[in-house]
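**Q** This is the structure I want to talk about, given as structure tokens.
Right under this line is the structure:
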């Protein structure tokens with residue numbers, strides 16, 4: 012009798028655990044799917060109808076599941092899982108596209124021609140920004156000799172606290188203006204940025220090659236983001252290889268559009284993937300690759316930043332905003348002078364001996 016009671020108790024506990032897991036799965040999978048539907052067709056009648064129908068379906072499954080016998084419950088689990096698998100099939104087959112009505116600042120992907128160490132890049136963005144929504148459109152063509160690369164810099168731009176930052180990478184040349192790359196969302200004309208939307212295939216991925224006064228000045232002086240400039244230590248062979256990785260990345264995007272993902276395919280994780288691809292040593296995985304605002308701390312711990320200063324001193328010295336706050340009143344408004352101002356006191360010793 013006691014054995015029967017124990018078996019009954021274990022069976023009840025086991026079934027209770029299964030019921031709880033299934034109920035939690037229904038709730039969270041439904042939240043995910045409703046968000047996916049919403050961001051795929053925001054404010055659209057179709058998405059609202061589909062969200063409403065799915066909520067009714069999920070609640071019906073849960074209600075029937077709780078009331079029915081064991082055999083019927085198994086059928087309810089199977090019905091829901093099949094329906095959710097169909098929704099996953101729909102979601103992961105949504106194609107990223109190249110031919111949308113893009114915002115002017117992400118309208119073009121840069122292209123290039125490479126002959127040996129000479130790279131000619133077309134569609135380098137060089138906008139003159141007056142406000143966030145008012146700018147003079149200009150696209151450049153420039154040629155670079157990869158043998159003349161003298162430095163690589165990581166720029167972090169903070170707009171929502173210390174944990175999250177946008178990451179940019181710029182290259183210094185001995186005979187040409189610096190060139191900065193930025194992996195960004197490719198917004199349509201009717202879209203605005205949403206960090207949550209970035210989890211749900213709302214934005215395609217864009218790779219911008221630009222003048223520093225365009226990409227960095229926009230963030231520090233126009234959007235009032237807090238921007239930091241960190242020259243990193245890197246052998247010249249790796250500098251050249253990293254530059255080439257950016258060229259190959261734009262080839263990939265030109266051949267097939269890709270989705271931006273706030274967590275897994277963003278401005279920091281993709282840079283890490285490229286650096287890892289050209290590094291002779293395996294870089295350690297770290298939470299700071301996701302909490303991108305702490306990327307400079309990660310680089311400091313790896314020894315990629317000059318150790319003559321503490322990381323606290325680095326943040327004080329690398330802060331771009333105090334350097335450029337009055338730039339619009341400077342006598343020389345050129346991009347060359349802007350690049351010189353943001354580097355002052357930072358790059359004199361960083362690349363020596365590399």
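In the working numbering, the protein residues as written are 12 to 365. Note that beta-carbon positions come from the ideal geometry of N, C-alpha and C, so glycine has one too.
For residue 213, count the other beta carbons within 10 Å of its own beta carbon; 16 or more makes it buried, fewer makes it exposed. Which is it?
**A** Buried.
**Q** Quick check: the Cα distance between residue 176 and residue 279, rounded to an integer number of angstroms?
**A** One C-alpha to the other measures close to 9 angstroms.
**Q** When DSSP labels each residue in this structure, what does residue 176 get in the three-state scheme?
**A** Reduced to three states, the DSSP call for residue 176 is strand.
**Q** Could you tell me which of 217, 218 and 196 sits nearest to residue 208, measuring between CA atoms?
**A** Of 217, 218 and 196, the residue nearest in Cα terms is 196.
**Q** In its own chain, which residues sit with a C-beta less than 6 angstroms from the C-beta of residue 133, not counting the 5 before and 5 after it?
**A** For residue 133, where only same-chain residues beyond five positions count, the Cβ hits under 6 angstroms are 122 and 152.
**Q** Which word fits residue 101, buried or exposed, when buried means at least 16 other C-beta atoms lie within 10 angstroms of its C-beta?
**A** Looking at its Cβ environment, which holds fewer than 16 other Cβ atoms inside 10 Å, residue 101 is exposed.
**Q** Would the segment 240 to 247 and the segment 135 to 148 be scored as touching if the rule is three or more Cβ pairs under 8 angstroms?
**A** No, the segment 240 to 247 is not in contact with the segment 135 to 148.
**Q** Report the option in 99, 98 and 72 whose CA atom is closest to the CA atom of residue 88.
**A** When each option's Cα is compared against that of residue 88, the closest is 72.
**Q** According to the neighbour-count rule (16 or more other Cβ atoms, all chains shown, within 10 Å of its Cβ), is residue 128 buried or exposed?
**A** Counting Cβ neighbours within 10 Å, residue 128 comes out exposed, since fewer than 16 surround it.
**Q** For residue 96, is the classification buried or exposed, using 16 other Cβ atoms within 10 angstroms of its Cβ as the cut-off for buried?
**A** Classification for residue 96: exposed.
**Q** Is the beta carbon of residue 346 closer than 8 angstroms to that of residue 222?
**A** Cβ distance < 8 angstroms, so residue 222 and residue 346 count as in contact.
**Q** Mind reading off the beta-carbon distance from residue 57 to residue 94? Whole number of angstroms is fine, and I expect it under 8 angstroms.
**A** That belief does not hold up - the Cβ atoms of residue 57 and residue 94 are roughly 18 angstroms apart, past 8 angstroms.
**Q** When DSSP builds the beta bridges, which residues end up paired with residue 136?
**A** Note: residue 136 sits in a beta bridge opposite 150 and 221.
**Q** Output the distance between the C-alpha atoms of residue 82 and residue 28, rounded to the nearest integer angstrom.
**A** Confidence is the limiting factor: at residue 82 the pLDDT is only 43, short of 50, which leaves the residue's position unreliable, though a coordinate-based value still follows. Rounded to whole angstroms, residue 82 to residue 28 spans 17 angstroms at the Cα level.
**Q** Strictly by DSSP, which residues pair up with residue 267?
**A** BP columns for residue 267 are empty, so no partner.
**Q** Is the distance from the Cβ of residue 269 to the Cβ of residue 310 below 8 angstroms?
**A** In this structure, residue 310 does not lie closer than 8 angstroms to residue 269 by Cβ.
**Q** For a quick check, are the C-beta atoms of residue 186 and residue 159 less than 8 angstroms apart?
**A** Cβ distance < 8 angstroms, so residue 186 and residue 159 count as in contact.
**Q** Whose C-beta lies closer than 7 angstroms to the C-beta of residue 236 among residues of the same chain, with five residues either side of it excluded?
**A** The residues are 168, 169, 170 and 230.
**Q** Identify the continuous beta strand (DSSP E) that holds residue 322 and give its terminal residues.
**A** It is not in any beta strand (DSSP E) - residue 322 instead sits in the alpha helix (DSSP H) that spans 322 to 329.
**Q** Report the rounded CA-to-CA distance for residue 80 versus residue 260, giving the unit in angstroms.
**A** Because the pLDDT of residue 80 is 49, which lies under 50, any placement of that residue in the model is unreliable, and the number read from its coordinates should be weighed accordingly. Their backbone Cα atoms lie some 55 angstroms apart in a straight line.
**Q** Check for me: the alpha helix (DSSP H) holding residue 333 runs from which residue to which?
**A** Segment 332 to 335, the alpha helix (DSSP H) holding residue 333.
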